[in-house]
Amino acid sequence: MPKVKGQPKQGQRARPQTRKRAPAPVPVEPARADLTSVLTGFVMVVALIVAGAALLGGSMSKVGDGVGNAFDSAATGLGFSVEDVQITGLGTDVRRASLVQQMSGVAPGDNMFRADPHEIRRQVLATGQVTSAHVYRLWPNQILINASPAKASAIWFDGESQQVVDSTGQIMEGLSARDYSELVLLTGVDAPQGVPTLLQFLARATTVRDRVSYAERVSRRRWDVKLRDGLLIRLPADASVMRATDELIALENATDLSQRSLARIDLRVAGRTFLEPLDEQGASGTAAES
1 MPKVKGQPKQ GQRARPQTRK RAPAPVPVEP ARADLTSVLT GFVMVVALIV AGAALLGGSM
61 SKVGDGVGNA FDSAATGLGF SVEDVQITGL GTDVRRASLV QQMSGVAPGD NMFRADPHEI
121 RRQVLATGQV TSAHVYRLWP NQILINASPA KASAIWFDGE SQQVVDSTGQ IMEGLSARDY
181 SELVLLTGVD APQGVPTLLQ FLARATTVRD RVSYAERVSR RRWDVKLRDG LLIRLPADAS
241 VMRATDELIA LENATDLSQR SLARIDLRVA GRTFLEPLDE QGASGTAAES
């Protein structure tokens, strides 16, 4: 009988057939909310708000408000809301720091994405309380404002006491005038308000700066500057002081004004500087073209 290929020989047991194992199932990772999913969800929320406003006949301003509110809510939910506003650089001047924080336009709970450092800096400088400011967003929830306070620049005698005034015209609380005797003395009602203009004049009028005895605020709008040798310089209203300064410098360069014996220099009229010699006090004065 012919042998059949693959059959076991006599006396041998047939080998049991083995079954192939099924491949192990691929593990399924749990779904995670990535940034794309969050943004997609946010876009859908915005779309629903716009559609709802359209169906209800709402105006576009209401749509804008709704979108803004949704954006703020989303930022808060993700942890991007302001929790702390820190003011540094102002030392122990609590009043000034409080005003800077108040006027910065940002407060705890605000959307961090809306806290524009450039806009915050602009508003801080507009307070007139500081000479410089740097604003930082410390993600995810802090705003840092580093400001430089104005320096002591003058002493104001208000009729009763002397107070230190900074370069922005603010009273520097807690400082003793005795420690700043080298600063220019101011008199007159509301004199501190005109300090920035006076300092600009003195910074440019170098022949005057080191000879000042005191400066008197007149009618809350302009300055009379008295020098130690008795010369009185009458400045115009604050808005015209730079014009008057240019005319004074030009006249000084042309006539060596500081070497003349004068009782008064009147710069209040544009283009005409009135000079009063010491021996003609009480006269109308001589007009000098400038």
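Quick note: the sequence shown uses full-length UniProt numbering, first residue 1, plus one each step. Yeah, the Cβ is synthetic: ideal placement off N, Cα and C, and Gly gets one too. These numbers were taken from a predicted model, which means no experiment stands behind them.
Rounded to whole angstroms, what's the CA-CA distance from L231 to Y180? Just pull it up for me.
24 Å
With 16 other CB atoms within 10 Å as the buried threshold, where does S219 fall?
exposed
Euclidean distance between Cα positions of A154 and I143:
33 Å
Taking only the alpha-carbon atoms, compute the straight-line gap between A270 and A244 and give it to the nearest angstrom.
7 Å
Select from P117, A237 and L186 the residue whose C-alpha is nearest the C-alpha of E160.
L186
Taking the straight line between their C-alpha atoms, what separation do you get for V106 and D93?
20 Å
Proximity of R217 and R268 at Cβ, strictly below 9 Å
no
If you draw a straight line from the alpha carbon of R96 to that of P196, how long is it in whole angstroms?
18 Å
Cα-Cα separation, D116 to R204:
36 Å
Since I believe I145 is in contact with I120 (beta carbons under 8 Å), could you give me their beta-carbon distance rounded to a whole number of angstroms?
7 Å
Per-residue DSSP class, three states only, for S98
helix
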